[in-house]
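2 protein chains.
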Amino acid sequence: MNDEGEHIDGRKARGNRRRAEIIEATLAVVTRDGAAGVTHRTVAKQAGITTSLSTYYFATLDDLLVAALSSVADTYTARIRQIIDGPGDKLRALAELIVESAGPGRERALAERELSTLAARRPALAPVARRWREDVAELAATLTDDPEAIAALVAASDGLCTAILIDNAPADTGYVHRILARAVHAHHATAAS
Amino acid sequence: MNDEGEHIDGRKARGNRRRAEIIEATLAVVTRDGAAGVTHRTVAKQAGITTSLSTYYFATLDDLLVAALSSVADTYTARIRQIIDGPGDKLRALAELIVESAGPGRERALAERELSTLAARRPALAPVARRWREDVAELAATLTDDPEAIAALVAASDGLCTAILIDNAPADTGYVHRILARAVHAHHATAAS
DNA sequence: CGATTACTTGGACGATAGTACAACTAGTAC
DNA sequence: GTACTAGTTGTACTATCGTCCAAGTAATCG
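These protein sequence lines map, in sequence, to chains A and B.
Sequential numbering of the first sequence, starting at 1, is according to this note's numbering.
Sequential numbering of the second sequence, starting at 1, is according to this note's numbering.
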């Protein structure tokens, strides 16, 4: 099993490399033309391969989109987990992550948002799209025990991302940090009803 | 001018009625199949007219999408302005409006979000998509003078909508209201940096 | 070596897309 | 009545889509 395994793994590794290339090409297409521009042909052209090869690795377009969304979600998860496990001011690190959406990470963030929106219609994508939100919640859980504060931070993070992406809102780290802090640290006198 | 005007207005009125019908059909299609499902043919079938008639009123698909997004944006603007100008607890009314996205207004809200995301790629749509955000900001401005509190409320509103739409998060009016209040009324000790 | 398997290719099928266009209808002007 | 114009229809052209398939290549196994 091991002997054969190494060879098989070698072959599979080549295939997985191709898969990764195709996924990256897919994200490039989403970045450039939006999710609507994703077709087997455009992706293949972007990746420099033939159309048939794209369908060989992803039989259906849905498979391709699921894989692409999963990929960006994985990246984001890694980033946030890095913040959670790392030292330093977690809230500030989150603010810096959000502000990235205004700069070099803008196109990628836009692609993620587009794929997330797409997830609303494809049940298979929903759990993947939900994950980054859960990650932020987990980060928030290290800062407070109040469930509402956690929900507020998640909502604020998401809303700020939207503001930066759609509205081209000013993206100053200090500014974003203050708004996030407001959600978490609010001394809210639990007004009734 | 008036004599002729009446007749011309009569013709134009008929045309505008058709336009409205087509826009409504477009929203129905976005609601059912997503923005990607919008084609001259699907819209025409939904409206019970021929494909050619759809292209007669909206020469290009972009025109149709712009008109559809403008329509939903108008509706939302009217709702929020009603809250601003009306009596009662504005923040609670906003919470109720947001919570609607979980119930009967869900599909419509989803359609709006989809069109907004689409706006990120079409400069012509950007100002329209920006408007509902400005409306919420205007509502917030009646509750506080702090610009950051306003930004926080807008972000919270948007994030909560996303949570409800994508995450199927619990949508309790009191809950939403408390999170919104947290954004506005935070007694935040302006931590430096 | 041949056999097997993963990988890759070019080309094809039917379906559907955006869009255009000439003809037809109905209401209005004179 | 005729002339005109907005509204409406059926049809057709071309392009691109998802998907499939038979054939070819290259690496590995026995």
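No residue lacks a Cβ here, since even glycine has one placed at the ideal position from N, Cα and C.
Predicted, not measured: the structure shown is a model, and the values here were computed from it.
Does the Cβ of residue i have 16 or more other Cβ atoms within 10 Å, making it buried, or fewer, making it exposed?
i: D196 of chain A; result: Limits of chain A in this structure are 1 at one end and 193 at the other, which puts residue 196 of chain A out of reach.
i: D89 of chain B; result: exposed
i: A13 of chain B; result: exposed
i: D158 of chain A; result: buried
i: T50 of chain B; result: exposed
i: R182 of chain A; result: buried
i: Q46 of chain B; result: buried
i: R113 of chain A; result: buried
i: A152 of chain B; result: buried
i: H7 of chain B; result: Low confidence applies to H7 of chain B: its pLDDT is 47, below 50, so where it sits in the model is not reliable enough to give any reading.
i: A25 of chain A; result: buried
i: A171 of chain A; result: buried
i: A59 of chain A; result: exposed
i: A129 of chain A; result: buried
i: A20 of chain A; result: exposed
i: G174 of chain B; result: exposed
i: V72 of chain A; result: buried
i: S193 of chain A; result: Low confidence applies here, because S193 of chain A scores a pLDDT of 40, under 50, leaving its location unreliable; read the following figure in that light. Exposed, by the Cβ-count rule.
Quick check on residue i: does DSSP put it in helix, strand or coil?
i: P87 of chain A; result: coil
i: G34 of chain A; result: coil
i: I49 of chain B; result: coil
i: D3 of chain A; result: Annotation note: pLDDT 38 at D3 of chain A (below 50); position unreliable, coordinate value reported separately. In this structure, D3 of chain A counts as helix in the three-state DSSP scheme.
i: L153 of chain B; result: helix
i: T162 of chain B; result: helix
i: R122 of chain A; result: coil
i: G15 of chain A; result: helix
i: A109 of chain A; result: helix
i: A25 of chain A; result: helix
i: R178 of chain B; result: helix
i: A170 of chain A; result: In the sequence on display, residue 170 of chain A carries Pro and not Ala. P170 of chain A: coil per DSSP, three-state reduction.
i: S193 of chain B; result: Per-residue confidence for S193 of chain B stands at a pLDDT of 40, beneath the threshold of 50, marking its modelled position as unreliable; no derived number is given.
i: A183 of chain B; result: helix
i: A59 of chain A; result: coil
i: D145 of chain B; result: coil
i: P104 of chain B; result: coil
i: T42 of chain B; result: helix
Do the CB positions of residue i and residue j come within less than 9 Å of each other?
i: E100 of chain B; j: A109 of chain B; result: yes
i: R122 of chain B; j: A163 of chain A; result: no
i: D135 of chain A; j: I80 of chain A; result: yes
i: A156 of chain B; j: L115 of chain B; result: no
i: R17 of chain A; j: L53 of chain A; result: no
i: I166 of chain A; j: T117 of chain B; result: yes
i: A111 of chain A; j: L27 of chain A; result: yes
i: I179 of chain B; j: E138 of chain B; result: no
i: G86 of chain A; j: A78 of chain A; result: no
i: A35 of chain B; j: A124 of chain A; result: no
i: N168 of chain B; j: A119 of chain B; result: no
i: H185 of chain A; j: A149 of chain A; result: yes
i: L65 of chain A; j: H40 of chain A; result: no
i: Y227 of chain A; j: G15 of chain A; result: Because chain A in this structure spans residues 1 to 193, residue 227 of chain A falls outside the shown range and cannot be described.
i: E107 of chain B; j: T55 of chain B; result: no
i: I29 of chain A; j: L61 of chain A; result: Checking the sequence shown, residue 29 of chain A turns out to be Val, not Ile. Cβ atoms of V29 of chain A and L61 of chain A: not closer than 9 Å.
Using a Cβ-Cβ cut-off of less than 9 Å, list which residues of the segment 106-127 of chain A approach chain B; keep chain order. L110, R113, E114, S116, T117, L118, A119, A120, R121 and A126
Residues in the segment 148-167 of chain A with C-beta within 8 Å of chain B's C-beta atoms, listed in sequence order? E148, A149, A151, A152, V154, A155, A156, S157, D158, G159, L160, T162, A163, L165, I166 and D167
Where the segment 66-93 of chain A meets chain B: residues whose CB sits under 7 Å from a CB there: none
Would you list, in chain order, the members of the segment 34-66 of chain A that have their beta-carbon closer than 9 Å to a beta-carbon of chain B? G34, A35 and A36
Taking a cut of 8 Å between CB atoms, which residues from the segment 127-143 of chain B lie near chain A? A129, R130 and R133
Got a sec: which bits of the segment 17-28 of chain B sit with their beta carbon under 7 Å from any beta carbon on chain A, in order along the chain? none
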